[in-house]
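Oh and the sequence shown: position 350 is 360 in this note's numbering, straight run, nothing missing.
All C-beta atoms in this analysis are idealised placements derived from N, C-alpha and C, irrespective of residue type, glycine included.
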Amino acid sequence: MKQLSAREIMEILVAFPTVSRESNLELIDWVESYLNSFGVTAHRVYNDDGTKANLYANIGPEVEGGVVLSGHTDVVPIDGQAWDSDPFTVIEKDGRLYGRGTCDMKGFDALALAAVPLALQSDLKRPLQIALSYDEEVGCIGAPRMIAEMAGKLPRAAGAIIGEPSEMQVVTGHKGGHSVLTEIRGFEVHSSLMHTGVNAVMEAAKLIEWANDQNARSMAAKPNAIAAMFNPPWTTAHVGRITGGTAENITAKDCQFVMGFRVLPGEDPADWLGRYQAKVDVVQAAMQAIQPDTYIRINPSFGVPGLKPETDGAAETLARRYTGDNAIHMVSYATEAGQFQNGGYSAVICGPGNIEQAHQANEFIEISQFEAGWVFMEKLVADLCR
């Protein structure tokens with residue numbers, strides 16, 4: 011396979027419609043073939059049913075002290091979005107590159123892959139490592155398996171740079187993301203006799219109001235030094251969708267929603283889950299006092315650890331060296347950076363593009379951002395030769 015530019019690689023990656031509900035194996039096949047054409051051995055880590063895979067590789071000497079470039083291969087759906095062009099074809103217009111994943115985050119993936127032949131043509135003293143994951147968009151599900159295997163099979167890297175769109179700013183902290191599936195079983199009666207039944211929707215409202223109360227208390231509290239760097243500077247509880255009930259004149263038998271928490275680094279997610287469980291217990295006891303067969307079941311559906319700012323972190327030092335950015339940046343969305351950190355890697359977020367474009371119709375990345383990303387890669391490879 012001939013050497014391709016980062017732009018050419020991005021066009022190929024975007025053309026694979028790797029929406030999270032679909033397999034990413036065709037894209038992984040292409041990436042593995044691309045790496046193999048340069049003599050690089052890639053390793054796969056599959057999901058349980060073999061329909062998706064992570065991929066990682068070591069480029070250069072088998073020594074410690076290298077740098078991991080990490081990105082995800084999945085994208086969010088285009089369902090219900092009004093696009094002006096084919097979402098899976100990169101279109102250039104007015105200094106922007108449009109297409110699903112151009113910003114989040116196949117643009118960074120392409121830059122990382124384009125850096126491979128550059129690295130091989132250079133006198134590397136420390137390795138470049140590539141890590142591409144599946145199912146980031148549905149809860150950062152795939153990366154932990156890959157991180158664990160990398161830690162055991164590859165030379166330990168000095169730092170991991172997760173290329174989520176940050177406009178090439180160095181982000182050193184993010185909140186954790188935790189979701190709790192909540193299912194309520196009520197008792198149906200005619201609404202004129204609602205006092206003899208249990209309305210699952212109205213019981214759900216009590217739990218949602220608990221979230222409102224927690225947010226109000228957190229908002230009113232004085233944030234500590236770390237919390238003050240985030241927007242908003244507190245852990246948030248949120249419900250974005252709820253389903254339940256069968257008719258307006260029947261107390262709802264069933265109701266379901268997801269309680270989501272964006273937890274500040276330094277706070278224990280288990281504490282928030284414990285508080286929620288305590289409220290659930292109170293509401294459930296009142297329900298069962300009316301009808302013993304009613305209940306509330308909660309099940310954490312996923313949890314993504316926050317990224318804690320590091321003291322003299324190696325990844326931060328490297329990213330600041332390559333970008334010249336010395337400001338402090340924190341974000342409230344979750345990424346795989348916290349998972350790399352939990353896996354023993356120093357980690358930061360730094361990638362081209364603006365997160366405001368992620369998941370949107372007519373998603374795009376500014377060409378100037380894409381070019382800045384390539385300058386970053388050139389500096390990184392040069393640094394690995396020192």
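Based on the DSSP output, what are the partners of S143 in its beta bridges?
H82
Pair every Cβ in the stretch 184 to 200 with every Cβ in the stretch 309 to 322, then say whether three or more of these pairs are closer than 8 Å.
yes
Spatial distance of K289 from L217 (CA atoms)
7 Å
Who are the near neighbours of A158 in its chain, counting only those whose CB is closer than 7 Å to its CB and skipping five residues on each side?
G353
Check whether the Cβ atoms of W282 and F267 lie closer than 8 Å to each other.
no
According to DSSP, which residues form a beta bridge with D264?
R195
Between L390 and V77, how many whole angstroms is the CB-CB distance? I'm expecting something under 8 Å.
6 Å
What residues match up with S189 in a beta bridge as DSSP calls it?
G270 and F312
Candidates G323, L142 and T246, of which the one nearest E42 by Cα:
L142
Starting from M340, follow its DSSP beta bridges and name the residues at the other end.
G183
For the beta strand (DSSP E) that I359 lies in, which residues bound it at each end?
A357 to I359
Is the beta carbon of A357 less than 8 Å from the beta carbon of A347?
yes
In the DSSP assignment, the alpha helix (DSSP H) including G284 goes from what residue to what residue?
P279 to I300
Is the beta carbon of W93 less than 8 Å from the beta carbon of A371?
yes
How would you write the range of the alpha helix (DSSP H) that L37 sits in, first residue to last?
L35 to N46
Within 8 Å, strictly: CB atoms of G361 and S176
yes
Hey, would you say T28 sits closer than 8 Å to L37, going by beta carbons?
yes
Does the distance from the C-beta atom of V273 to that of T245 stay below 8 Å?
yes
Spell out the partners DSSP gives H248 in its beta bridges.
G270
Grab the span of the alpha helix (DSSP H) containing R396 for me, first residue to last.
Element bounds for R396: n/a, residue is neither H nor E.
Backbone CA spacing between Y44 and L121 [nearest angstrom]
14 Å
Taking T327 as the reference, give the member of L23, G169 and N34 with the closest Cα.
G169
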